[in-house]
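If you count by the working numbering, then the sequence shown holds residues 322 to 527, one letter each, in order. Below: the structure, in structure tokens.
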Amino acid sequence: PSAALLAQQLAEVSNTVNGGTIPNPLTLFVDGRNKNLATTIAEGVDFQGNYRLSTETRGDFSLGVNGTYFTKYRTAITTSAPVLNQLNTIFNPLRFKARASAGWTGGPVQLNAFVNYLNSYTNNLATPVQKVDAYTSVDLRAAYRFGGEKGLVVAVDARNAFDEPPPFVNIAQSANGGGGFDPTLTNPVGRIIGIHERDEIVRVRE
Numbered sequence: 322p323s324a325a326l327l328a329q330q331l332a333e334v335s336n337t338v339n340g341g342t343i344p345n346p347l348t349l350f351v352d353g354r355n356k357n358l359a360t361t362i363a364e365g366v367d368f369q370g371n372y373r374l375s376t377e378t379r380g381d382f383s384l385g386v387n388g389t390y391f392t393k394y395r396t397a398i399t400t401s402a403p404v405l406n407q408l409n410t411i412f413n414p415l416r417f418k419a420r421a422s423a424g425w426t427g428g429p430v431q432l433n434a435f436v437n438y439l440n441s442y443t444n445n446l447a448t449p450v451q452k453v454d455a456y457t458s459v460d461l462r463a464a465y466r467f468g469g470e471k472g473l474v475v476a477v478d479a480r481n482a483f484d485e486p487p488p489f490v491n492i493a494q495s496a497n498g499g500g501g502f503d504p505t506l507t508n509p510v511g512r513i514i515g516i517h518e519r520d521e522i523v524r525v526r527e
């Protein structure tokens, strides 16, 4: 609507704005309502592969890998705004991330190892712009089944088993975390060991 009509409607509803008097003439209107105007253009590949080998004398072996490779990630805040390439920048999708696994099961014993990889990316919120290092962590799991197939299973998980610190990211502390690390990708706590019984955590310690 025109500015004149907006002024008329506003005057009919109330003669004060935040406890003050409406200026005459009105020079600025701000529409603070949320609107879904953004555009996202994303292209890439999700992949997953698994291999399993069973032997009579040496147990069962398994290998697996899954991940994502983005080729394009562009955004615009409105339909008329410029389209920006946001791929591989902070708080946006990484170009490449993956998780590989290897496992062995022999009788009541099961062992698993997982390798997590995040590629390096750009922190364009810092001045000067920062190149954040790639990050690799390892998770380990050991489980033992007591009393046959329907028996009690006790497992020990070690997340970030080698206590690899996250790469430094030059951002300030906020309500969502941060302050030297990227809370959307990494955990600053370090190694976490959990003991599980029938897939339920019964005790956790750092």
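Where a beta carbon is used, it is the ideal one built from N, C-alpha and C, also for glycine.
From the options, residue whose alpha carbon lies closest to that of residue i
i	options	result
G365	Y394, L461, V351, L347	Y394
P504	G424, N445, F412, N433	F412
T400	A363, A464, K356	K356
D352	F368, A496, L327	L327
T376	A397, E485, G427	G427
V450	F391, P344, N508, N409	N409
P414	T348, Y390, P346, G380	Y390
A402	L358, F435, T378	L358
P477	E485, N440, L432	As written in the sequence, residue 477 is Val, which differs from the Pro given in the question. The option with the nearest alpha carbon to V477 is L432.
I362	N387, T396, Y372	T396
V386	F350, F435, V430, I398	F435
G370	G388, G380, T378, P346	G388
Cβ distance (whole Å) where residue i is taken to contact residue j below 8 Å
i	j	result
N491	A447	4 Å
N437	R416	So it is not a contact: roughly 16 Å between Cβ atoms.
V510	F483	No, V510 and F483 are not in contact; Cβ-Cβ is about 14 Å, not under 8 Å.
P487	Y442	So it is not a contact: roughly 13 Å between Cβ atoms.
A300	V453	Any property of residue 300 remains undetermined from this structure, which presents the chain solely from 322 to 527.
R480	I513	5 Å
A423	L384	6 Å
F382	W425	6 Å
K418	N440	7 Å
F489	G500	Between G500 and F489 the Cβ distance is about 11 Å, and since that is not below 8 Å, they are no contact.
Coarse secondary structure for residue i, derived from DSSP in three states
i	result
A496	coil
L473	strand
L347	coil
A479	strand
Bridge-paired residues (DSSP) for residue i
i	result
Q369	N387
F467	L473
R354	Per DSSP, none; premise fails for R354.
V510	Beta-bridge pairing links V510 to no other residue.
T360	A397
L331	DSSP, once it has assigned bridges, lists no residue as partnering L331.
L461	A434, A479
Closer than 7 Å: residue i CB and nearest the ligand NAP heavy atom
i	result
S495	Among the components modelled here there is no ligand, and therefore nothing to report on the ligand NAP.
Jot down the residue ranges of each uninterrupted beta strand (DSSP E) in the segment 374-416, minimum 3 residues, whole runs only, in chain order.
The segment 374-416 contains these whole beta strand (DSSP E) runs: 380-397.
Which runs of the beta strand (DSSP E) spanning at least 3 residues fall entirely within the segment 418-458, listed in chain order?
Correct list: 430-439, 442-444, 451-453.
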